[in-house]
Structures are given as C-alpha cells and as structure tokens.
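To start, the structure itself, in structure tokens.
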Amino acid sequence: MIETTIPRGTPLPRIRPWLGIAAAASFVVASAMALFWAPTDAVQGDVYRILYVHVPLAWLAYLAFVVVFLASVAWLWTKRPFFDAVAVASAEIGVLFTGLFLVAGSIWAKPTWGVWWTWEPRLVTTAIMFVMYVGYLLLRGLSTDFSRRATRAAVFGIVAVIDVPIVHLSVLWANSLHQLPTVLRIAGSPALDTPMLVTLMASLGAYTLVYAYFMSARVSLELARQGRLWTRT
Amino acid sequence: MIDRIALVAARELRAERRQPDGVVAAVTFIAVLVLLESLVVGPQIARDADVASALFWLALAFATILATMRSFDRELEDDALEGLVALPGGRDALFGGKVLSLAVVLVLVAAIGGLLSLVLLDLAVALPLHLLVVVLLGVVALPPIVVVDVVLALRLRARAALVPILALPVLVPQLVAATRGTSAALTGDALGALSWAGLLFAFAVVYTVVGLTIVPAAIE
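If you're matching them up, the sequences are chains A and B in order. Residues 1 to 233 (this note's numbering) are what the first sequence spells out, left to right. Residues 234 to 453 (this note's numbering) are what the second sequence spells out, left to right.
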C-alpha cells in the first residue's frame with residue numbers, strides 16, 4: 001500500500017471562492033476591453049479581436065502542458081500523490097484549452113486566410129499536441145493501479161512536453177503562413193499599439209486566473225478521489 | 234553499462250534469429266503497403282519522390298511498432314522480463330538493449346522494404362550514399378520513442394491501439410525529417426539530405442538520453 005502524502009489543511013478550498021470571483025471579474029473586464037476599448041485594426045478590421053481569446057488560449061495550452069511536465073518530474077522524484085493530481089488536472093484543462101485554441105484559430109483563419117484549416121506547421125503541430133495529450137489521458141484511463149498509472153503517465157508527460165517548444169519554434173523554422181510573433185519578438189519591441197497591448201495583457205491575466213481556478217477545483221477533486229482510494233485500500 | 238546493453242541486444246538478436254516473426258511481420262507489412270499504395274493512388278503519383286518517401290517512413294514507423302511489441306510479447310510469454318529487470322542495472326540495459334537490437338532489425342527491414350520500393354515503384358536514386366545515411370539515421374531515430382511507449386503500455390488492455398496513438402504523434406518530427414531527407418536524396422538535393430540527416434541524428438541522441446533517464450522508472 002502506498003503511503004498517502006495528501007497535504008493536510010491545504011489552503012485550496014479556502015482560496016477557491018476568491019479565485020473564482022477574481023477570475024470571473026477579470027474575464028468580464030478583459031472581454032469588455034477587447035470588444036469596446038481596443039481600437040480596430042487598420043488591416044484586419046474587427047476580426048482581429050479574436051486575438052484576445054486566441055493568444056491567451058495558446059498561452060494556457062503551453063502553460064498547462066509545462067505544468068504537466070513539472071508535476072510529472074515531481075511525481076517521479078518524490079512519489080507524492082499531490083503531484084499526480086496536479087498533472088492530471090493540468091492535462092485535462094490543457095486538452096480543453098488546446099481544443100478551444102484550435103477552434104478559435106480556425107474561426108479567425110476563415111475570414112483572414114479564406115480557409116477553416118490549412119496544413120501550416122504551427123496548426124498541424126498544435127493539433128498533434130492536442131492528440132498527444134488525449135493519448136496521455138487515454139493512457140491514464142486504461143491503467144487501473146494508482147502508482148503504475150501515475151508513473152506511466154509521468155513518463156509520457158515528460159516525453160510529450162518536448163513537443164511544446166517545437167510548436168512554438170515551428171513558426172520560426174518553417175516558411176510559414178502563420179503570423180510571426182508580435183509580442184515576444186527576438187529583435188525590437190512588441191509590434192502592437194499600446195491599447196492593444198494593454199488589452200492583450202489584461203486578457204492573458206484573466207485567462208490565467210481562469211486556469212488557476214479550474215486547477216484548484218480539479219486538484220481538490222482529484223485529491224478527494226485519492227482520499228477515497230486510500231480509504232478503500 | 235555498455236556491456237549489459239550489448240548483452241541484452243545480443244540476446245534479443247539471437248531470439249529474433251531463432252524466431253524471426255517480428256522481422257517477417259514488419260517486412261510483409263511494408264511490402265503490402267507499397268503494393269497498396271500503387272494500386273490506390275496509381276503508379277504515377279506513387280512514384281513521386283515525396284509520396285514514396287512518406288509512405289516508406291510511415292510503413293517503417295508501423296513496422297517498428299510491430300517489431301517492438303512482438304519483442305516485448307516474447308518476454309512476457311516466457312516470463313523473462315521479471316528476471317531481466319531484477320538484475321543490477323537491468324532496467325537501463327533492457328531499454329538500451331531493446332533500442333540497439335531493434336535498430337539492427339530495422340536496418341534489415343528498411344533494406345528489404347527500401348529495395349522493394351525502389352524496384353516496385355521504379356524509383357531513380359540521384360544520391361545513393363546520401364540516401365544510405367538518411368535511412369540509417371532515420372532507422373536509429375525511431376526505436377527510442379517506440380520502446381518507451383511499448384513499455385508504458387505493457388500489460389494494458391487495448392495495448393495494440395494505445396501504442397500507435399502514443400508513439401506516432403511523438404514521432405512526427407522524426408518522420409518529417411526522414412521523409413524530407415529521403416526525398417532530397419532521391420531528387421539530388423545533397424545539402425537538404427544532409428541537413429535532415431543531421432536533425433535525425435539529433436533526435437536519436439535526445440530521445441535515447443531521455444529514454445535512458447526516465448524509462449527505468451516506468452519498468453515495473
């Protein structure tokens with residue numbers, strides 16, 4: 001039997017309602033800024049406003065899978081079930097955000113490129129990242145023993161995260177149709193108007209709070225599940 | 234460590250020689266795919282360097298999965314895995330030995346499958362030496378990931394479906410590099426072939442190191 005190391009007196013349940021309120025409020029503010037305050041783009045018109053959804057979703061997709069990687073390393077290192085709970089929570093939320101990221105990108109691509117989907121390196125690699133983490137969840141679902149499931153998933157989580165930088169760099173490596181980075185550029189300052197940049201940062205903050213809220217709820221649920229598992233064993 | 238890896242690899246190759254069902258299944262699989270390709274898309278499209286290269290590497294990726302699963306099935310049938318893992322350094326040696334022996338087996342499979350493709354599709358090779366380098370490095374780049382995924386799916390139900398789902402997305406960079414490199418060698422682009430070969434070498438090194446570092450933890 002595995003020794004349970006679920007943190008006692010975890011602050012998650014206490015901060016979660018406040019986190020939820022902060023996430024909802026910042027989401028409303030960021031959405032209002034994106035729709036009404038940010039100026040219309042000179043080239044793309046109002047279509048570009050989906051950027052305030054698309055970019056934060058991309059950020060969260062990457063963030064979620066990096067968290068999976070870190071939690072997987074921590075599980076293999078310490079064997080504390082808390083880290084496995086973090087890994088599965090982040091993977092599920094990452095799959096959700098990557099799916100929404102692909103859908104938002106597709107909605108933006110139709111009026112901009114004239115197609116819903118194109119075999120552009122970053123799109124394809126993001127879709128592959130999505131499939132990879134669906135495989136991660138499938139691997140978890142097919143394993144029954146807790147310790148083996150956590151270890152197998154952790155190993156796959158570490159291997160799979162190698163794909164994440166390839167996704168980001170593919171736009172630089174390949175002669176790509178996708179727009180080049182406008183904020184994190186190798187040379188020069190962000191190629192965005194100040195109100196646009198402020199709105200984008202507000203959106204990034206709001207979506208990150210939403211991710212943090214989802215994480216706190218899902219990790220609590222997973223810890224409760226693990227608690228029931230230990231009670232049974 | 235290298236001695237133990239060589240020992241496991243030699244044991245694997247001996248088992249494969251006595252019971253070569255993994256190699257036979259892999260070669261037959263590639264031959265069937267090459268024949269089907271010509272029938273399905275027509276000989277003109279099938280002879281295109283990009284199409285022929287892509288199909289060859291996709292077939293080889295599936296053949297790698299088949300050969301690796303067969304190799305681990307043999308261990309499970311004989312209850313040999315537990316004994317091997319119990320030895321000092323057995324887990325590292327198991328991973329390293331499997332990767333090494335599979336690379337040797339795949340060289341054979343790739344040679345037969347490649348010759349079949351060249352003959353059946355009547356392909357002209359502009360740069361034979363470059364093609365040889367790309368194929369050798371491509372073959373070395375495939376097994377580390379596949380061995381990792383077969384180990385992760387060991388003794389799970391629906392393993393036959395799970396392994397390709399886990400392995401193929403991670404193999405995409407290797408498959409793209411191998412396909413582009415092969416196509417470049419077929420069409421006479423020496424610089425392109427060598428660049429992609431270099432990338433394949435990098436992938437082989439990275440995934441072998443990652444595998445040796447974390448796979449022992451996954452072998453129970």
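Glycine residues also receive a C-beta, built at the ideal position from the N, C-alpha and C atoms. The structure displayed is predicted, hence computed values, not measured ones.
C-beta atoms of residue i and residue j nearer than 8 angstroms
i	j	result
V367 (chain B)	G421 (chain B)	no
L364 (chain B)	L268 (chain B)	no
L139 (chain A)	L341 (chain B)	no
V47 (chain A)	W108 (chain A)	yes
V383 (chain B)	F305 (chain B)	yes
L309 (chain B)	L142 (chain A)	no
Member of the options whose CA lies at the smallest distance from the CA of residue i
i	options	result
G346 (chain B)	B:F295, B:G316, B:A359, B:K331	B:F295
A243 (chain B)	B:V273, B:I263, B:L335	B:L335
L102 (chain A)	A:V131, A:K79, A:V28	A:V131
G371 (chain B)	B:R390, B:V442, B:L432	B:L432
V53 (chain A)	A:F97, A:W77, A:T40, A:E92	A:F97
E245 (chain B)	B:D281, B:L266, B:A300	B:A300
A30 (chain A)	A:R218, A:L223, A:M201	A:M201
R14 (chain A)	A:A23, A:A224, A:A64, A:S216	A:S216
S350 (chain B)	B:R280, B:G444, B:V405	B:R280
G94 (chain A)	A:W59, A:E120, A:F83, A:R152	A:W59
T154 (chain A)	A:A61, A:F65, A:V219, A:M33	Residue identity differs from the one stated: residue 154 (chain A) is Ala in this sequence, not Thr. Of the listed residues, the one whose Cα sits closest to A154 (chain A) is A:F65.
Where residue i falls: helix, strand or coil (DSSP)
i	result
D41 (chain A)	strand
V67 (chain A)	helix
Q277 (chain B)	helix
K79 (chain A)	coil
S143 (chain A)	coil
I243 (chain A)	Here chain A has residues from 1 to 233 only, and residue 243 (chain A) is not among them.
E234 (chain A)	Missing from the structure shown is residue 234 (chain A); chain A here goes from 1 to 233 and no further.
L360 (chain B)	coil
P321 (chain B)	coil
I452 (chain B)	coil
P377 (chain B)	helix
R388 (chain B)	coil
Burial state of residue i (16 or more Cβ within 10 Å)
i	result
V86 (chain A)	buried
M234 (chain B)	exposed
F235 (chain A)	There is no way to answer for residue 235 (chain A), as the model of chain A reaches only from 1 to 233.
V429 (chain B)	The amino acid at residue 429 (chain B) is misidentified as Val; the sequence shows Trp. Classification for W429 (chain B): buried.
L221 (chain A)	exposed
T144 (chain A)	exposed
L360 (chain B)	buried
R247 (chain B)	exposed
F436 (chain B)	buried
Test: residue i CB closer than 8 angstroms to a CB of chain D
i	result
L389 (chain B)	Of the protein chains in this structure, namely A and B, none is chain D.
task = Check distances from the C-beta atoms of the region 395 to 412 of chain B to those of chain A and list, in chain order, the residues that come in under 7 angstroms.
result = Flagged, chain order: L395, I398, L399, P402, V403, V405, P406.
request  = Using a Cβ-Cβ cut-off of less than 9 angstroms, give me the residues of the region 88 to 103 of chain A that come near chain B, in sequence order.
outcome  = Residues: none.
ask   = In chain order, what residues of the region 127 to 150 of chain A put their CB closer than 7 angstroms to some CB of chain B?
value = Within the region 127 to 150 of chain A, the residues whose Cβ lies closer than 7 angstroms to some Cβ of chain B are I128, V131, M132, G135, L138, L139, L142, S143, R148, listed in chain order.
task = Mind checking the region 416 to 448 of chain B against chain A and listing, in chain order, the residues whose C-beta falls within less than 7 angstroms of any C-beta there?
result = Within the region 416 to 448 of chain B, the qualifying residues are V443, I447, V448.
message = What are the residues in the region 308 to 331 of chain B lying within 9 angstroms of chain A by C-beta distance?
response = Here the close residues number zero.
query = Name the residues in the region 64 to 83 of chain A whose C-beta lies less than 8 angstroms from a C-beta of chain B; which are they?
reply = Answer set for the region 64 to 83 of chain A: L76.
Short-range partners of chain A found in the region 250 to 276 of chain B, where Cβ spacing is below 9 angstroms = For the region 250 to 276 of chain B, there are no residues whose beta carbon sits under 9 angstroms from a beta carbon of chain A.
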